[in-house]
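*Asks:*
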Amino acid sequence: MPVGIDDLAMYIPKLYVDSKDFAKARGIDPQKLESGIGVRKMAIVDTNQDPACMASNACLKLMEKNNLHPKDIGRMYVATESALDESKAMNSFVIGMLEQVYGDGSFEHAGGIECKFACVSGSYALYDNANWIRAEENNGKAAIVIVSDIAKYDIGSAGEYTQGAGALAMLIKDNPRLLEFDQKVTSTIIKNEYDFYRPFGKETPLVNGNYSNLLYLIQVKKAFDSYKEKAKTTGLIKWDENNESITDKIDYFIVHLPYRKMGEKALAYLLRHEWRHLPRWQYIIKEVGMDEPIPKDPRGTIESILLDKEFMKLDEQFRRAFMKTSSYQDVFNRKMASSLEASSIIGNLYTASMYVGFRSMLEFEYKKGIELENKRIGFGSYGSGSSAMVFSGVIKSGYKEIVKSMNLEEEIGNRTKVSMEQYEQLRESEINPDYYITKPRREFILVKIGGNTSDKAGLREYEYIH
Ligand code: CAA
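Residues in the sequence shown are numbered consecutively from 7, following my numbering.
1) If you follow the beta strand (DSSP E) that Ile-156 is part of, which residue opens it and which one closes it?
2) So, Val-409 versus Asn-380, is the Cβ gap smaller than 8 angstroms?
3) Apart from the five residues on each side of it in sequence, which residues of its chain come closer than 7 angstroms, Cβ to Cβ, to Val-196?
4) Are the CB atoms of Leu-263 and Ile-11 nearer to each other than 8 angstroms?
5) So for Tyr-17, helix, strand or coil by DSSP?
6) Give a single yes or no on whether His-262 has its beta carbon closer than 7 angstroms to a heavy atom of the ligand CAA.
7) Just the Cα atoms here: how many angstroms apart are Tyr-258 and Asp-461?
8) Could you tell me how far apart the beta carbons of Val-191 and Ser-398 are, in whole angstroms, since I believe they sit closer than 8 angstroms?
9) Provide the residue span of the alpha helix (DSSP H) that contains Leu-346, from first to last.
10) Shortest alpha-carbon distance to Asn-181 belongs to which of Ala-157, Gly-170, Gly-146, Tyr-167?
11) Once DSSP output is grouped into helix, strand and coil, what is the label at Met-395?
12) How far does the alpha helix (DSSP H) with Thr-239 in it extend, from its first residue to its last?
13) Could you check whether Thr-168 and Tyr-265 sit closer than 8 angstroms to each other, using their CB atoms as the reference points?
14) Are Leu-104 and Leu-132 touching if we call contact CB-CB under 8 angstroms?
15) Any heavy atom of the ligand CAA closer than 7 angstroms to the Cβ of Gly-128?
16) Among Glu-427, Ala-124, Met-69, whose alpha-carbon lies nearest the alpha-carbon of Ile-101?
17) Quick one: is the Cβ of Ala-164 within less than 7 angstroms of any heavy atom of the ligand FMN?
18) With a cut-off of 8 angstroms on the beta carbons, I'd call Ser-251 and Glu-280 a contact; round off their distance for me.
19) From Arg-466 to Gln-428, what distance separates their C-alpha atoms?
20) Report the residue from Gly-109, Ile-224, Ala-58 whose alpha carbon sits nearest the alpha carbon of Leu-312.
21) Let me know if Met-7 comes out buried or exposed under the rule of 16 or more other beta-carbons within 10 Å of its beta-carbon.
22) Do you know how far the Cα of Gly-457 is from the Cα of Lys-406?
23) Just to confirm, are Asp-134 and Pro-57 a CB contact at a threshold of 8 angstroms?
24) Using the beta-carbon count (16 or more within 10 Å), is Thr-86 buried or exposed?
25) Any contact of the stretch 417 to 435 with the stretch 13 to 20, i.e. 3+ C-beta pairs under 8 angstroms?
26) Tell me whether Lys-330 is buried or exposed, calling it buried when 16 or more other Cβ atoms sit within 10 Å of its Cβ.
27) Would you grab the beta carbon distance between Leu-452 and Ala-171 for me? Rounded to a whole angstrom, and I think it's under 8 angstroms.
28) Grab me the residues of Ile-243's own chain with a C-beta within less than 7 angstroms of its C-beta, minus the 5 sequence neighbours each way, in chain order.
29) Within this structure, are the beta carbons of Arg-81 and Ala-149 separated by less than 8 angstroms?
30) Give the C-beta separation of Asp-246 and Leu-221 to the nearest angstrom, bearing in mind that I take them to be a contact with Cβ-Cβ under 8 angstroms.
31) Quick check: Leu-346 and Gly-44, are their CB atoms within less than 8 angstroms of each other?
32) By the DSSP assignment, the beta strand (DSSP E) with Asp-180 in it spans what residues?
33) Check Asp-24 in the structure and name its three-state DSSP category.
34) Between the Cα of Tyr-470 and those of Pro-446, Ile-455, Thr-459, spot the shortest distance and give me the residue it belongs to.
35) In the DSSP assignment, what residue or residues form a beta bridge with Val-362?
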């Protein structure tokens, strides 16, 4: 049974920090942020917003847009790494908010959980819900998967310029209009790692930046190897292994985007591995102007590779030159660039970042006038800690109905630029519904945390503002 994403809707908070202001305040060259990292604006939440109300706002948009009623929905999963409670799942908050609009108990028949595995959990949620429909356990109902996060790092840290906030809701059903998932090829990899983690009670993560970058590349590549094997044995994709690469047969690459540049690097890493045994490599090496360096210990650990300074320096040099070759540029421009547009004006969205990338690709490729029907999309999802999932899907004939009205600027809406002083105040401030910067309209907001008695500690109250 064809199952996949029928439609999607996004919610991005209305405040942002401009990278030029950020660079000035932190003494960084603005060019490093704009071209080295690839960020121009970072979305941040107001004092009356949290990941649950962003998730509800995205979900309400999706339901209104598709005239859905809660009775049409059998499952609602929320994937996040910005959990609000150790026990109460984020989707229960979302159900509570939506029932303010659709009526008390209107979602009672449905089910769902909050999923956690850093940025990859939304992909697991999609996979599980697609299989729930394939197994015909859904009683004719659809599922909604919401990815919602606030990417927040320590002030002054290298991660601070890779922040962002937002949510995206996806409608998963049979015979989808937008994207049908390929079956029997989804591949995962999992390993106990400490590249990025946030112990209980800590608001910001502990990050090993360079280690996390390399681990991301290695893990996605390993999951891709397994995907490739499955695509070959199932016959889903056919290619001449002596002269072609499976990457030639995938029309778009959508990957996890902690920041725009990471997408560009992930594509370079993948193509280098997939192309180096092919006849085309000799021409590429000529254009690069140097041989591909080899680490002192090619079977070493990530730590030993990072400590091999001579190799790392040469490898960076090779990667930068490779990314300038006509072969890389051609694939990048045709198969990835459009998916990176949104990231540079929103920032990192953890679980939501890859799916906003997918949303971005659809809009900007459609605007170029490119026919997307039957195009195969390869997804490379990564979650620190760590797990990667590689899967694919094919764009369906109904996509135009959805994509033709996409307008990123319009959907994000008029945003307010906050000064660095306001940004730092917002970072430090307690939630106070009376002190917000943008006036909420047709959206859920957080109005209070905790009642006046200890038995109400941590209780969150939300309101829909008309
Ligand atoms: N002009 C133009 N470019 C410049 C520049 C300048 N003046 N100065 C530096 N740059 C370039 C650098 O050359 C580099 O580009 P290349 O990668 O092409 O070489 C780029 O800017 C970044 O500079 P640095 O290598 O010096 O990186 P940094 O020390 O600033 O740290 C980071 C970057 C490691 C990503 C850091 O922001 C970080 O720790 N972020 C959080 C962790 C993260 O996002 N990890 C990603 C993988 S893990 C994951 O994906 C899960 C998740 O969501 C967190």
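Ideal Cβ positions, reconstructed from N, Cα and C, are used throughout, including at glycine. From a predicted model like this one, the values you see are computed outputs, not experimental measurements.
*Replies:* So, from the data block:
1) That run of the beta strand (DSSP E) goes 148 to 157.
2) Not in contact: Val-409 and Asn-380 (Cβ atoms no closer than 8 angstroms).
3) A small fix is needed here, since residue 196 is Ile in this sequence, not Val. Spatial neighbours of Ile-196 in its own chain (CB-CB distance under 7 angstroms, excluding positions within 5 residues in sequence) are listed in chain order as Ser-393.
4) No, Cβ-Cβ distance for Leu-263 and Ile-11 is not below 8 angstroms.
5) Three-state result, Tyr-17: strand.
6) Because some heavy atom of the ligand CAA lies under 7 angstroms away, the Cβ of His-262 counts as near it: yes.
7) Their backbone Cα atoms lie some 51 angstroms apart in a straight line.
8) At roughly 6 angstroms, the Cβ-Cβ gap stays under 8 angstroms, so Val-191 and Ser-398 are in contact.
9) Residue range 343 to 352 is occupied by the alpha helix (DSSP H) that includes Leu-346.
10) It is Gly-146.
11) Strand at Met-395.
12) Under the DSSP assignment, Thr-239 falls in the alpha helix (DSSP H) whose first and last residues are 215 to 240.
13) Yes, they are a contact pair.
14) When the beta-carbon positions are compared, Leu-104 and Leu-132 stay at least 8 angstroms from each other.
15) Not so, every heavy atom of the ligand CAA lies at least 7 angstroms from the Cβ.
16) Measuring C-alpha to C-alpha distances from Ile-101 to each of Glu-427, Ala-124, Met-69 identifies Met-69 as the nearest.
17) As far as ligands go, the structure on display features the ligand CAA and does not contain the ligand FMN.
18) By a beta-carbon distance limit of 8 angstroms, Ser-251 contacts Glu-280. Their separation comes to about 4 angstroms.
19) Approximately 25 angstroms between the Cα atoms of the pair.
20) Leu-312 has its Cα closest to that of Ile-224, out of Gly-109, Ile-224, Ala-58.
21) A residue is called buried when at least 16 other Cβ atoms come within 10 angstroms of its Cβ; Met-7 does not meet this threshold and is exposed.
22) Straight-line Cα distance between these residues: approximately 48 angstroms.
23) Not closer than 8 angstroms, so no.
24) Taking a 10 Å sphere around the C-beta of Thr-86, we find 16 or more other C-beta atoms and assign the residue as buried.
25) Yes: at least three Cβ pairs fall under 8 angstroms.
26) Exposure of Lys-330 is indicated by the presence of fewer than 16 other C-beta atoms within 10 angstroms of its C-beta.
27) Not quite, the Cβ-Cβ distance comes to about 13 angstroms (not below 8 angstroms), so this is no contact.
28) Excluding residues within five positions, the ones whose Cβ falls inside 7 angstroms are Ala-237, Ile-252, Lys-255.
29) Closer than 8 angstroms, so yes.
30) That pair is no contact at about 32 angstroms.
31) In contact: Leu-346 and Gly-44 (Cβ atoms closer than 8 angstroms).
32) It spans 170 to 180 - the beta strand (DSSP E) in which Asp-180 sits, taken as one unbroken run.
33) Strand at Asp-24.
34) Nearest C-alpha to Tyr-470: Pro-446.
35) Partner(s): none; Val-362 has no beta bridge.
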